[in-house]
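First up is the structure itself, then whatever we jot down about it.
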């Protein structure tokens with residue numbers, strides 16, 4: 001994946017991001033903005049992150065060694081340390097040649113080598129944290145960063161001494177999602193058609209496939225007849241989920257992946273989803289009401305923290321995963337879809353919470369930290 005750096009006169013920003021869509025998509029939106037301002041953009045990630053970078057607007061790329069410290073076994077810890085050390089050396093050799101003006105880290109262990117090399121070389125660092133709880137790598141470099149930008153007002157686990165660098169900018173979102181913000185909430189009344197979008201993240205959610213179709217089957221006939229369900233499900237669940245809806249006479253589109261998510265989101269009257277940072281951010285930017293089920297095993301319970309603003313802002317309900325079952329979920333869903341006025345109010349509340357200019361605000365911070373305005 002490594003490609004040769006270009007030798008232009010434009011200033012260089014290195015974008016270092018981890019191996020999940022939650023890290024890569026905000027990084028991509030930031031990179032688009034920096035490109036538009038006249039910067040050269042480089043992406044540094046690992047093999048896993050490269051899978052999410054097909055459309056990443058990088059002038060060149062560097063793939064480095066990275067690893068997590070998830071295991072407590074001494075030999076695995078040593079192997080991880082050696083990989084990160086090797087990755088840092090690769091990044092440093094590259095930076096000595098390319099002379100980046102700023103390194104922007106978006107979290108995840110693949111961002112560690114670039115941030116470590118930048119710190120050692122005195123290259124300015126900015127960090128962006130998507131979640132309401134600062135991740136492990138971002139925690140390590142927070143005190144070294146010029147700015148710790150964050151997606152939500154709440155930011156837990158910020159190290160003492162780094163409080164003054166915190167800047168709330170929101171999470172950068174891709175342009176197709178941002179365009180949904182300009183599309184009106186679909187017409188809705190208490191008896192007319194209602195579009196229900198169910199998404200469990202990039203790989204779907206097994207729990208959603210088990211609980212939600214059965215909860216919908218338990219709704220009164222008149223409400224079931226109104227629904228058009230669009231549900232993301234795991235590959236191994238597709239046929240079973242489709243069969244539940246078909247047997248109940250519920251109109252449903254069930255797929256493992258939707259390439260037109262922006263159109264599905266624009267058409268939705270209500271969304272049921274996890275509470276990942278990107279999901280919560282996109283719901284707010286788009287202005288869509290939701291029922292959020294935070295992932296129970298999320299580190300530091302950060303998904304519950306992510307959802308907090310949507311709940312206090314009267315834009316969403318939160319159902320803790322241990323309480324997410326058919327018996328409890330059916331009455332909540334019925335209450336929500338039975339009142340068009342409440343859904344419209346929640347859509348407005350979500351829209352007001354949206355931060356559509358996050359990429360621009362983050363780029364402003366990066367340029368300030370670098371002392372360079374390219375445009």
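In our numbering, the protein residues as written are 1 to 375.
Just so you know, even glycine gets a beta-carbon here, dropped at the ideal spot from N, CA and C.
Computed from a predicted model, the values in this text were never measured in an experiment.
Give a yes or no on whether the C-beta atoms belonging to residue i and residue j are separated by under 9 Å.
i, j, result
"residue 353", "residue 315", "yes"
"residue 273", "residue 197", "yes"
"residue 321", "residue 343", "no"
"residue 159", "residue 146", "no"
"residue 104", "residue 173", "no"
"residue 102", "residue 127", "no"
"residue 113", "residue 374", "no"
"residue 329", "residue 318", "no"
"residue 337", "residue 227", "yes"
"residue 156", "residue 300", "yes"
"residue 285", "residue 180", "yes"
"residue 392", "residue 277", "Any answer about residue 392 is impossible in this case: the structure gives the chain only from 1 up to 375."
"residue 20", "residue 48", "yes"
So is residue i buried or exposed if we call it buried at 16+ other beta carbons inside 10 Å?
i, result
"residue 182", "exposed"
"residue 178", "buried"
"residue 297", "exposed"
"residue 381", "Beyond the ends of the chain as shown, which are 1 and 375, falls residue 381; an answer cannot be given."
"residue 312", "exposed"
"residue 82", "exposed"
"residue 371", "exposed"
"residue 100", "buried"
"residue 235", "exposed"
"residue 289", "buried"
"residue 116", "buried"
"residue 18", "buried"
"residue 215", "buried"
"residue 367", "buried"
"residue 377", "Because residue 377 is not part of the residues shown, which for the chain are 1 to 375, the question remains open."
"residue 282", "buried"
"residue 225", "exposed"
"residue 164", "exposed"
"residue 222", "exposed"
For residue i, which option in the options has the closest C-alpha, if you only look at C-alpha atoms?
i, options, result
"residue 191", "267, 339, 39, 132", "339"
"residue 25", "116, 43, 10", "43"
"residue 287", "127, 345, 28, 146", "345"
"residue 220", "270, 269, 332, 113", "332"
"residue 137", "312, 107, 66", "107"
"residue 279", "37, 150, 171, 153", "171"
"residue 334", "133, 118, 270, 363", "270"
"residue 32", "20, 53, 18, 48", "53"
"residue 154", "341, 123, 309, 187", "309"
"residue 22", "362, 303, 369, 223", "303"
"residue 65", "39, 284, 246, 110", "110"
"residue 119", "131, 141, 98, 132", "141"
"residue 195", "231, 180, 38", "231"
"residue 189", "224, 243, 163, 341", "341"
"residue 255", "355, 244, 239", "239"
"residue 133", "306, 250, 349", "306"
"residue 98", "349, 292, 9, 351", "9"
"residue 208", "39, 292, 347", "292"
Within its chain, find whatever has a CB closer than 8 Å to the CB of residue i; leave out the 5 residues flanking it on each side and keep chain order.
i, result
"residue 121", "92, 95, 96"
"residue 84", "65, 66, 67, 109, 112, 113, 116"
Residues in the same chain with beta-carbon distance under 6 Å from residue i, minus the five sequence neighbours each way, listed in chain order, please.
i, result
"residue 1", "For residue 1, the predicted structure reports a pLDDT of 45, less than 50, and the residue's modelled location is therefore unreliable. The matter cannot be settled from this model."
"residue 150", "129, 168"
"residue 206", "234"
"residue 90", "64"
"residue 86", "65"
"residue 45", "17, 110"
"residue 28", "56"
"residue 355", "170"
"residue 199", "232, 273"
"residue 135", "107"
"residue 358", "169, 170, 171, 172"
"residue 351", "287"
Assuming residue i and residue j are in contact, meaning their beta carbons sit under 8 Å apart, how far apart are those beta carbons, in whole angstroms?
i, j, result
"residue 217", "residue 252", "Actually they are not in contact, since the Cβ atoms of residue 217 and residue 252 sit about 11 Å apart, beyond 8 Å."
"residue 241", "residue 248", "Contact flag wrong, Cβ pair sits at about 11 Å."
"residue 267", "residue 184", "About 11 Å separates the two Cβ atoms, so there is no contact after all."
"residue 262", "residue 176", "4 Å"
"residue 37", "residue 363", "6 Å"
"residue 245", "residue 193", "With a Cβ gap of about 16 Å, residue 245 and residue 193 do not count as contacting."
Between which residues of its own chain and residue i is the CB-CB distance below 7 Å, once the five residues before and five after are set aside?
i, result
"residue 41", "13, 15, 31, 34, 35, 57, 58, 59"
"residue 325", "211"
"residue 166", "148, 150, 155, 158"
"residue 369", "102, 124, 126, 146, 147"
"residue 139", "157, 159"
"residue 360", "33"
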